[in-house]
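Position 171 (the sequence shown) corresponds to 171 in full-length UniProt numbering; numbering is contiguous.
Ideal Cβ placement from N, Cα and C applies to all residues, glycine included.
Here the structure is a predicted model, which means the values were calculated and not measured.
Taking it in order: structure first as structure tokens, then the write-up.
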Amino acid sequence: MSQNTSTPTVKLLIGGELVESRSSQWRDVVNPATQEVLARVPFATEDEMNAAVASAREAFKTWRKTPIGARARVFLKYQQLIRENMKELAALLTAEQGKTLPDAEGDIFRGLEVVEHAANIGTLQMGELANNVASGVDTYTLNQPLGVCAGITPFNFPAMIPLWMFPMAIATGNTFVLKPSEQDPMVTMRLAELAMEAGVPPGVLNVIHGGADAVNLLCDHPDIKAVSFVGSTKVGTHVYNRATANGKRAQCMMGAKNHAIVLPDAHKQQTLNNLAGAAFGAAGQRCMALSVVILVGEAQNWLPELVEKAKSLKIGAGVEAGTDVGPVVSCAALDRVSSLIAAGEKDGAKLVLDGRDPQVSGYANGNFVGPTIFAGVTPEMTIYREEIFGPVLCVVSAATLDEAIAFINANPNGNGTALFTRSGAAARHFQEEIDVGQVGINVPIPVPVPLFSFTGSRASKLGDLGPYGKQVVQFYTQTKTVTSRWFDEDEVGTAVNTTITL
Ligand code: NAD
């Protein structure tokens, strides 16, 4: 960790104030392209974390009763502020995370879409009413906020994923404690500041920093009613078990191994471009990155052209114009990806493109690994079983579409998948038979827009309601069902009713 006291510190947000932590434990936030220390982030003390939860609990008393139009208008203002600050936010994101500037703007934009969605909360949170369920009796529902909710986010989308969480939680009338990734918390903090500027009242949004201890406190704290998590399968499973054992709602979006099937009738150039972008863009550090491609029949002959396409991608710092593949987030991530490539060779996969140790002019210290392709990959190999989370594509061959579908369904993960074809019948067969939560037809990374919800499945998700869209309104609210009858002043009383019918 940097001892340089002139290095800026990342603040906590507690009760509407940016607070300098009193912690003795700090971590450097490092630019992955240069190793420059950008800031120091604290591991908040237990008192600080409890103060954040207490301030959220106090703020809930008034925020839950704030008119729905007033809540919506905060998010109308917030989306405007995010747009106005897009360039500054993207520069911050690229500096601490590594992805290219256009990709950083994409990260922010996909979160901005959720903010726009939150501004529509009026119609989203409406209940239902059935008139005359019995004579003179109506039944209706109230979708009421839960209280203090918490969010725990990963490093790979430090704008989009926090924005999946707190805008919808707050728009539905809850208050929030966010714990961003300790690897790149700066853009998340800037987004929290803009939320305050947009009118989120003090205490309604709080941000703490830290690692496992902070996460465990959020899972255990009796005043927290629901926990949203996005990150690895190992940590997400721990969070789900711990939070639900403490009686909380939990939704955990976790790791992946996303496959695409290419049929020989697919549009060749479009498909190859899509495969290269989805496998190697953002240096493969997307939960919806394409990590396995199954070439069916004659499409197996396309491998050399796929390799050429991958070779044409430019590796470089995210700030450099024209960069396609930026660095991975940390030296540890680079070591991990490199050792998985070595494991692929050892297990007998054919390394048809080796992206290790690329020469990146001007960035000799960056965590770079270029596009890497293995052919002849089989399910027992480590590179197939593990989520690599780097720019490494595994290529598998299949004789038929059904063989490829069976291969994907045998993988435990269910985050995303795609089919490339010109056949409507094949596409429909695929969408019916594939056991994966998010399906792309000639769309390589099928992340739904916020009119829908994020719907990863099987080992990629715990909890039944996904982030954003209609599902998250259900996640962040308790449905109260009211059955009511009103008597006229002059109504004559009937005999005491001892049955349970209406
Ligand atoms: P991670 O699981 O290491 O970290 C996620 C969060 O958990 C961070 O805030 C971190 O501080 C915390 N954490 C880390 N170790 C912990 C521990 N031992 N106990 C408690 N908390 C701990 O994930 P990451 O490396 O930041 O992100 C990459 C992973 O996230 C990949 O597996 C990727 O697939 C997944 N991801 C999934 C989705 C999705 O929607 N399914 C989206 C983005 C990323």
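Not one heavy atom of the ligand NAD sits closer than 7 Å to the Cβ of C394. Between G203 and T175, the CB-CB gap stays under 8 Å. Just so you know, the alpha carbons of H209 and K99 end up roughly 22 Å apart.
N273 counts as exposed, since fewer than 16 other beta carbons sit within 10 angstroms of its beta carbon. By the criterion of a C-beta distance shorter than 6 Å, G231 is surrounded in its chain by P154, once the five residues flanking it on both sides are discounted.
Using a cutoff of 7 Å, the CB of N156 counts as near the ligand NAD, since one of the ligand's heavy atoms is closer than that. Excluding five sequence positions before and after T45, the CB atoms of its chain that fall closer than 8 Å to its own CB belong to S21, R22 and S23, given in chain order. Minimum Cα-Cα distance from T372 among the listed residues Q97, A276, T94 and N132 corresponds to A276. Within the chosen limit of 7 Å, the ligand NAD reaches the beta carbon of V230 through at least one heavy atom. Sequence-distant partners of G255 (beyond 5 residues in either direction) whose C-beta falls short of 6 Å from its own C-beta, in its chain, are S232, T233 and E387. In this structure, DSSP gives R356 a state outside helix and strand, which the three-state scheme calls coil.
Here Q438 is buried. Its C-beta has 16 or more other C-beta atoms within 10 Å. A heavy atom of the ligand NAD is found nearer than 7 Å to the CB of K179. Annotation: Y384 is outside any beta strand (DSSP E); the continuous alpha helix (DSSP H) that includes it extends over T382 to R385. Boundaries of the alpha helix (DSSP H) harbouring P102: L101 to A118, taken from the DSSP string. Shown here for A59: same chain residues with a beta carbon closer than 6 Å to its own, the five before and five after excluded, namely T175, G203 and V204 in chain order. For the options M189, K480 and Q359, the alpha carbon positioned closest to that of Q125 is the one of K480. With contacts defined as CB atoms closer than 8 Å, L393 and S312 fail to qualify as a contacting pair.
The DSSP assignment places 439-441 as complete runs of the beta strand (DSSP E) inside the segment 439-478, in order along the chain (cut-off: 3 residues). The distance from the Cβ of A243 to that of A250 is about 4 Å, consistent with a contact at the 8 Å cut-off. Per the coordinates, the alpha-carbon of P264 lies some 27 Å from the alpha-carbon of G355. Boundaries of the alpha helix (DSSP H) around S339: C331 to K346. DSSP, reduced to helix, strand and coil, places V74 within a helical segment of the structure shown.
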